[in-house]
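> Before anything else, here's the structure in question.
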Amino acid sequence: MLRIRKLPIIIFALFIIVFPLVSRLIPAIQNYPDLMIFAGIYSLITIGLSLLMGYAGQISLGQAAFYGIGAYVSAILTATYGLNPWFCMVIGMIVAAIVAVLVGVPSLKLKGHYLAMATLAFGIIVFIIFNEEVEWTGGPDGMSGIPGLSLFGFAFDSVEKYYYLVWFFVFSVFVFTINVIQSRTGRALRAIHSSEAASSAMGINVSRFKVVVFVYSAILASLAGSLYAYYLNFINPSTFDLFFSIKLLIMIALGGMHDIWGAIIGAFLITFLSFEWLHFFEEFEVIVYGVILLLVIIFLPQGMVGIPKILKGLFNKKVSNG
Amino acid sequence: MDKESRGKILEVEKVSMVFGGLMALINIHFNAKEGMVKAIIGPNGAGKTTLFNIITGTFSPTEGVVRFRGKPIQKLKAHEIAELGISRTFQTIELFGNMTVLENVMVGCHTRTRSSFIASGLRLPHDKHKEEQIRAKAMEILEFVGLAEKFSESADSLPLGGRKMLEIGRALATEPTLLCLDEPAAGLNETETEKASSLINAIKEKGITVLLVEHDMKVVMNISDEIMALNYGEKIAEGLSEEIQNNPKVIEAYLGSSEEDRA
Amino acid sequence: MPMEKITFANQLLQYLITGLTVGSTYAMVAIGFNIIYNVTEIINLAQGEFVMLGGLVMVFLHVAAGLPIVLAFPLTVIIVTLVGMLLDRLAIRPIRQPSVLTLIIATIAASIIIKGIAMFIWGKDPFDLPAFSGRHPIHFLGAVIQPQYFWIIGFLIVIVIFLTLFFEKTIIGKAMSACADNPGAASLVGINVKRMILLSFALSAAIGAVAGITITPISLMEYDRGAMLAIKGFGAVVLGGLGSFPGAILGGLILGTIESFGAGLIHSGYKDAFALIVLLGALFLRPSGLLGSIEVSKFKRF
Amino acid sequence: MLKTEGLTAYYDNIPALKGISINVPKGQVVTIIGANGAGKSTLLKAISGLIKSLEGRIIYKEKNIAGLLSNQIVGLGISQVPEGRQLFSHLTVQDNINLGAYLKFKRRYRHEIDERIKEVFGMFPILEKRSEQIAGTLSGGEQQMLAIARALMGRPKLLLLDEPSMGLAPLIVKEIFEVIERLNQSGTTILLVEQNARAALKTADYAYVLETGELVLEGSAKDLSGNIKVKEAYLGG
Amino acid sequence: MKTRKMAIITTVCLFGFGLLLTPTMVFSENLKVGAVFSVTGRTSFLGDPEKKTAEMVAEQINNAGGINGKKLELIIYDTEGDATKTNLAVKKLITKDKVCAVIGPSLSGTSMAVVPLAEQYKTPLISAAASYKITWDEKKNKSRHWVFKTPQTDTMAVEAIYTHLKKRGINKIAIASITTGFGKSGHGELVRLASKYGITIVEDESYGPKDTDMTVQLTKIKGAAPGAIVNWSVGPTQVVILRNWKDLGMTEIPFYQSHGFGSRKNIKLAAGAAEGVFAPLGAVNVAELLPASHPQKAVTMGYMKNYTAKYNEPLSSFGGHAWDALHLVAKALKAVGCDRAGIRDYLENKTAGFVGQHGIFNFSTNDHIGLTFNEAFLMVVVKGDDWALAK
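Top to bottom, those sequences are chains Y, V, B, H and E.
Take 0 as the starting number for the first sequence in numbering that gives the first Met the number 0 and just add one per residue.
Take 0 as the starting number for the second sequence in numbering that gives the first Met the number 0 and just add one per residue.
Take 0 as the starting number for the third sequence in numbering that gives the first Met the number 0 and just add one per residue.
Take 0 as the starting number for the fourth sequence in numbering that gives the first Met the number 0 and just add one per residue.
Take 0 as the starting number for the fifth sequence in numbering that gives the first Met the number 0 and just add one per residue.
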């Protein structure tokens, strides 16, 4: 039974609050809050994706497109038309939601590899548009001059301030999503994953629920895209390409897809691995990355969230044997 | 509701179904009266499950009309039909294996509750209260089908008999007025079969109409009020249980000649 | 200007020829996907890496080491086949709880590793291979064709005939299909499922190598070409219907032709988008691909 | 012909069979009855090599076959008709039947295979009519027949049948049991797991009763049909 | 079972190891210079020679006794051409590694992603990418205070080509360009400057970076019968399009490549198809063709010899950008030490006449590019599988 366990969530919240303060004291990790901002932005996307893939069982290889839609809507409306960034963020989410409905309604009727290909194609098409519509998007060179965020005169203009802003969003979305999972909606999603025939016999409108989750994941990705654009003050299409969609998939698999915690752990690990830790291996970085991925898939099929269970298993076995 | 429809909860009129040139059902015509147990028998491949799939909205019939309480439903989707009050079990048990026993039944309560995505995400007090009600109702149903003690086990871990009972419980949670049971006794041994029979009787006593597909003639004879026999997609007989049992066509197609051989 | 003027009809013919020839390279990759899919229901996203390896190993053996083509060709195929078998042994077989996602990720991981190693061996520059029968283009009604394309199409036809016969007529081919269908039952009739999967990886790696060897003289080859080829091939295989060999060819040729006409008649920057939009449209109308059987797809897991 | 000695089998480290010793003499029909989840199917799977974590021995023709792979065990002449038929549902009926003789094909006994196909079609004429149809589209009874036909293609000396009558119409059940009897008469040894205890005991020579992974009773089929305990538990009084 | 357990433990340990693997801070007197290049990934053809060159230059400086007795410490991060990664790397260089100045990134896109950082953290940045927008703030209509760049801009290359076309009396051209940043930005300049030179663009085509055939685009161009074709791309496509050009029998139409064609490898890969093709190249690509009197002769020849000796591969024009950038920084460091504001001022005011690989630099308050097209580019033509100066 999925009951909320409050303790880990409280520890999680405390960790978020304390982390920048601690890292400031240790020179070796003083740039970590900066990395954590990206981990947080990715977490927003992976939480939605985890709900879509791990719970509702629908694969999406086009999530980077929604991330990009959020970023570009925010960037164009602020940098070109000078609108309020918060307002643009909301518009970005609305646009992403509309696109998700248009794409999701026909696509989510497809299954397995066909759905994977359809979402992949959607992602590539959106990427091509970002790349080709030079007048709007600046093409491959990207758009600069995107403003930062501020609220009632308080500007989120330092790494730490932005860190708290991003993780405030992540934490809220996380709690919201956990609530959804434990509600009627969450049960319906898991039911669909298990058997579509039985779900519709229980009165669940299968196609509607799939679209709803798809839209939710698109909105979260769009939010993440806006936060990204306002933080970097610059965006270009290659951030939102197919390989990023695949990277998101890897985050989910690495963290563990049947658990929302896995989404955050996966985003965190991939961010740190690809932006910081693997730097040590220089030219071998790619190979090491691939090997780690393969080892995790083989030995931790449940992802990182499966480790406690495996450890428990090892421990129990020892006890029963000894 | 016109006069003719009165008391008939389900009317199937001239229903035919064609799969890629293959006639799975040919001009089927029958109805079920409120509160009765109606059994459908026939050899494998006779079209029984196809008929169930049409009634519960998995397929739309190629031709014909299905009326539930006088309202045509043959064009509706499965989840809409479930909402109207028709529920079913599956021949090849379709439980939500990744969920607990209790959760399976709670999913069954889906149609009879409402909650928006946003409300449940924000965990509004109203929503929280509803969850408690659903839980209580689901436990009640588990009590009824005799699985209350196993509420926290995963559905997949139950033995076959338990899974069959759970499927019935889950179907009951949708508060149906018509329940379609597809081979509830298949794979059960005789004691378990007897339990299943008495459960179906108890369901009937609650006033729920039951449509039953079953091969075990003992079960069929024990609990059904009326029987319809199908063969190669056609209705070959319909009537009270005793009549059907002695119908030569049914014996030839389905039961086999010798009474004693029946298992 | 002394150069002869090109008519619109000539142009259209050239678009068609180019589309078909480019499409045939997609079809080659698509066929590789299908072999593994038919045995395991996995889409092996490292398929593009086999093609890349085929090209680069051939360059190494033929150009750098100076082996004659008749020797270098089979040797390349053998080497890439061994890589394919290693991929199965090291990345696919050890997975205990296979699901679509874990398998997709495993093949992605494998492709990352293969690409990394290729970069390490060959560096980041593109390489060229001499065309099998020279580079003098053949003129045909005002359009031109590279002689190398006849090699590609020739190999494509031979491979398809071979594979269709193999899967339709031989018991080993049937046994391979049976593994995809129901591995448990397959082992109950005495089929060594693991060996069949190994065989499928070997076969599709070999075909990938042939594809790489034949396209390199036209398009050059470098270490990171694999991903793009894999995506195009995946598109072709899905458009044609997973598991169907005629479908793979049809899908590849259609994608190639749409790209070519899209670029020629509408807008070359959006040519990939046109192809993908047609692909999406086709999927929405026929969810199991053009030649994929809806009846059969009901019994498939993925 | 087949003996198990102290056979214990695990599912996820949980024992599903606990020290089972049975004996299947040549030319007989032996049946295993018991409630759902008692471990009947597990026993068959253990014998045919589908379950890997085993303790104890499985002696077939004086050789321990425990731990061999399922495809090797088929080669020794043990075929299983698995529960739920497990056909190659997207291949044709003919392909399913051909694959039943997969090992023979490999050894190029073309002639023998043709003969066998004729025999099998003789036994199940309906399959010959449907030979080009996709197996998944057959009716339940036809699928069960195809599953048996496929297993017979390997000319097994020992046939393991798992719930052959499950979900079948009375007339078909009767037919299936007739087939079992016929097979036995033609010299095939049969180990039968059946929910339908009444029919199973009628056909079998010897029977074992399994409860939660342990043997609780054994005896000749006749004795057991008369046993009060069995009557109460499995024959519905 | 045991190996599996071991492997699980190893996997877990690997992650733990990663966590601990934080570079230890060593307090040093070295002069630190940060560098960010796209060493791997799809644009590695830029970053790879840049990294190799920068490493070589740093080694040479240190072997010659360093800068004022201090060692030049070069900290290089790979960006993989990714804006996010570049942003993180530059922030790390500035705040954690505390470098005196940053050179790179390799791409216009990634450069734009870190320009705000240089301004915000007041650190001199010398980009190795082409776009003029990197140093020029279009909104404020002035040069960005902290940002410089060494490569020629696309504008210069386009001007060089257009000037050459004018000289030959060609005024109808067709454009083909790759859909990456390099191609798009060149394409933009080709279109923008055409009217200024009285040139009409009769056909405008593009293709993807992994395309294997451009026959269709060329066929369309053939139909439009232009006086010349200008192609803007890098990587294998610029070779494939040449082959298609030859196959289609279009050699009558002169073919101009961008300055991205600057490696002899490309001529070799074209397998004969490059004969007669024009390209605007920096002095660095054609060092041996330069007359002895050419001011850049000495530095370009030196660089070419050292590079080919050290790495055993032909020079590409991109490495030269890093050469120029690092030498400029080294010069500034020698004069003012590790003082970020001092370095910036020195670069802007005191480096006039610096002889680099890609020209003679003259930075000023409102020109952080420091080059003009006349000296930045020479028009060369492929003759007998080698470069020759075009007339």
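Idealized CB from N, CA, C, for every residue including glycine.
I'd like to know if S224/H contacts chain V, where contact means its C-beta is closer than 7 Å to some C-beta of that chain.
So no, S224/H is outside the interface.
> Any Cβ of chain Y within less than 7 Å of the Cβ of F283/B?
Answer yes: the Cβ-Cβ gap between F283/B and chain Y drops below 7 Å somewhere.
> Tell me the rounded alpha-carbon separation between A269/H and L75/H.
The shown model of chain H, from 0 to 236, leaves out residue 269/H, and the question about it has no answer.
> Quick one, which of L252/B, K123/B, S186/B, I35/B has its alpha-carbon nearest T106/B's?
Here the closest residue by C-alpha is I35/B.
> CA-CA distance, I50/H and M250/Y?
Spanning the two alpha carbons is a distance of roughly 34 Å.
> Does the region 352-364 of chain E come into contact with the region 82-90 of chain E, if we say contact requires no fewer than three beta-carbon pairs (one atom in each stretch) closer than 8 Å?
No, because fewer than three Cβ pairs between the region 352-364 of chain E and the region 82-90 of chain E fall closer than 8 Å, the two stretches do not touch.
> Should L75/V be labelled buried (16 or more other beta-carbon atoms within 10 Å of its own) or exposed?
With 16 or more other Cβ atoms within 10 Å, it is buried.
> Would you please state the rounded distance, in angstroms, between the beta carbons of F360/E and A159/E? I believe it to be under 8 Å.
Their Cβ separation, rounded to whole angstroms, is 18 Å, which puts F360/E and A159/E out of contact at 8 Å.
> Going by alpha carbons, who is nearest to Q239/H out of R197/H, G139/H, G5/H, F120/H?
Residue coverage of chain H in this structure runs from 0 to 236, which leaves residue 239/H outside it and unanswerable.
> What are the start and end residues of the beta strand (DSSP E) that includes Q256/E?
Counting along the chain, the beta strand (DSSP E) containing Q256/E begins and ends at 254-256.
> For V188/B, return the contacting residues in chain H, with the cut-off set at a CB-CB distance below 7 Å.
Ordered by position in chain H, the residues that pass the 7 Å Cβ test against V188/B are V73, L98, G99, Y101, R149, G153.
> Does any C-beta atom of chain B lie closer than 7 Å to the C-beta of N12/H?
No, no contact with chain B.
> Between T179/E and chain Y, is there a C-beta pair that is closer than 7 Å?
True, the Cβ-Cβ gap to chain Y drops below 7 Å.
> Comparing C-alpha positions only, which one of N37/B, F7/B, K123/B, I103/B sits nearest to V38/E?
Minimum Cα distance to V38/E is reached at K123/B.
> Just to confirm, are V229/E and I172/E a CB contact at a threshold of 7 Å?
Contact: yes.
> Could you pull out every residue in the same chain whose Cβ sits closer than 8 Å to the Cβ of E237/V, ignoring the five residues on either side in sequence?
Taken in chain order, the residues that qualify are F29, E225, I226, M227, A228, I243.
> M98/V CB to nearest chain Y CB: under 7 Å?
Judged by the 7 Å Cβ criterion, M98/V is in contact with chain Y.
> Could you pull the start and end residues of the alpha helix (DSSP H) that R56/H belongs to?
Unbroken run through R56/H is the beta strand (DSSP E), 53-59; no alpha helix (DSSP H).
> Is the region 236-243 of chain Y close to the region 62-77 of chain Y, with three or more CB pairs under 8 Å?
Short answer: they touch.
> Could you please tell me which residues of the region 162-174 of chain B, in chain order, have their CB closer than 7 Å to any CB of chain H?
Going along the region 162-174 of chain B in chain order, one finds I170, K173, A174 with a Cβ nearer than 7 Å to chain H.
> Which residues, in chain order, does the region 182-206 of chain E contribute to contact with chain B at a C-beta distance below 7 Å?
Within the region 182-206 of chain E, the qualifying residues are E204, S205, Y206.
> Classify W145/E as helix, strand or coil using the three-state DSSP reduction.
Correct three-state label for W145/E: coil.
> Ignore the nearest five residues each way along the sequence and tell me which others in A12/Y's own chain have a CB closer than 8 Å to its CB.
Within the same chain, A12/Y has close Cβ partners F170.
> Per DSSP, what kind of secondary structure is K121/E in: helix, strand or coil?
In the structure shown, K121/E sits in coil (DSSP, three-state: anything other than H, G, I, E or B).
> Pair every Cβ in the region 207-215 of chain B with every Cβ in the region 53-66 of chain B, then say whether three or more of these pairs are closer than 8 Å.
Output reads yes: the region 53-66 of chain B touches the region 207-215 of chain B.
> Which one or two residues does DSSP pair with D273/V in a beta bridge?
The first residue shown for chain V is 0 and the last is 262, placing residue 273/V beyond what the model contains.
> Can a CB atom of chain Y be found closer than 7 Å to the CB of N373/E?
No, its Cβ sits nowhere closer than 7 Å to a Cβ of chain Y.
> Please give me, in chain order, every unbroken run of the beta strand (DSSP E) with length at least 3 that falls completely inside the region 51-106 of chain V.
Listed in chain order, they are 62-67, 85-87.
> Going by DSSP, which residues form a beta bridge with G33/H?
For G33/H, which the question treats as bridged, DSSP gives the partners L209/H.
> Can a CB atom of chain C be found closer than 7 Å to the CB of T106/B?
Going by chain labels, chain C is absent from the structure shown, which instead holds the protein chains Y, V, B, H and E.
> In chain order, what residues of the same chain lie with their CB nearer than 6 Å to the CB of N181/B, ignoring the 5 residues before and after it?
There are no such residues.
> Report yes or no: is there a C-beta of chain Y within less than 7 Å of the C-beta of A29/B?
Not one chain Y Cβ lies under 7 Å of A29/B.
> Taking contact to mean 3 or more Cβ pairs, one atom from each stretch, closer than 8 Å, check whether the region 63-74 of chain E and the region 28-35 of chain E are in contact.
The region 63-74 of chain E vs the region 28-35 of chain E: in contact.
> With a CB to CB cut of under 7 Å and the five nearest residues on each side skipped, what residues in its chain are close to W260/Y?
Closer than 7 Å at Cβ, skipping near neighbours: V304.
> Have a look at A187/Y and N52/V and give me their C-alpha separation to the nearest angstrom.
So the two alpha carbons sit approximately 21 Å from each other.
> Do you know how far the Cα of L92/E is from the Cα of Q147/B?
About 50 Å.
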